[in-house]
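**Student:**
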Amino acid sequence: MDAISFTVIWKLVLVVATFGVTILLKRFLRSHFLPKIGIPIGTREAISIIKLIDIGYRKRLKAGIVVIIYSYIL
Numbered sequence: 029m030d031a032i033s034f035t036v037i038w039k040l041v042l043v044v045a046t047f048g049v050t051i052l053l054k055r056f057l058r059s060h061f062l063p064k065i066g067i068p069i070g071t072r073e074a075i076s077i078i079k080l081i082d083i084g085y086r087k088r089l090k091a092g093i094v095v096i097i098y099s100y101i102l
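Going by our numbering, the final residue of the sequence shown carries number 102, and the count climbs one at a time with no gaps.
Here is the structure:
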């Protein structure tokens with residue numbers, strides 16, 4: 029029976045934790061930080077800042093999944 033290695037499980041936990049941190053960061057930006065620095069929520073600047081966070085997360089998620097699959101194959 030094949031056992032999933034500890035490193036694969038650890039990397040999976042890191043990917044899930046990154047997802048949670050990204051969601052919390054987006055909520056914090058929308059509710060607290062952007063209004064405090066004077067950027068209204070619906071403006072182009074606020075939307076582009078939040079999109080940058082989403083794009084960064086997607087790249088990290090893809091890289092994390094590739095690393096998990098690669099380490100599971102090895």
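Just so it is clear, CB atoms sit at the ideal spot from N, CA and C, and this is done for glycine as well. Just so we're clear, the structure is a prediction, and the values are computed from it rather than from any experiment.
Between which two residues does the alpha helix (DSSP H) carrying residue 37 extend?
**Tutor:** From DSSP, the alpha helix (DSSP H) with residue 37 extends over 34–56.
**Student:** Taking the alpha carbon of residue 84 as the point to measure from, which residue in 62, 65, 70 and 43 has its own alpha carbon closest?
**Tutor:** It is 43 whose Cα lies nearest to the Cα of residue 84.
**Student:** Measure the C-alpha to C-alpha separation of residue 81 and residue 54 and round it to an integer number of angstroms.
**Tutor:** Roughly 8 angstroms between the two C-alpha positions.
**Student:** Given a threshold of 16 other Cβ atoms within 10 Å of its Cβ, counted over all protein chains shown, does residue 45 qualify as buried or as exposed?
**Tutor:** Under this definition residue 45 is an exposed residue.
**Student:** Checking 9 angstroms against the spacing of the C-beta atoms, do residue 51 and residue 67 come in under that value?
**Tutor:** Cβ atoms of residue 51 and residue 67: not closer than 9 angstroms.
**Student:** Can you have a look at residue 79 and say buried or exposed, based on whether 16 or more other CB atoms are within 10 angstroms of its CB?
**Tutor:** Label assigned to residue 79: exposed.
**Student:** I need the straight-line Cα distance from residue 33 to residue 40, nearest angstrom please.
**Tutor:** Going from the Cα of residue 33 to the Cα of residue 40 covers about 11 angstroms.
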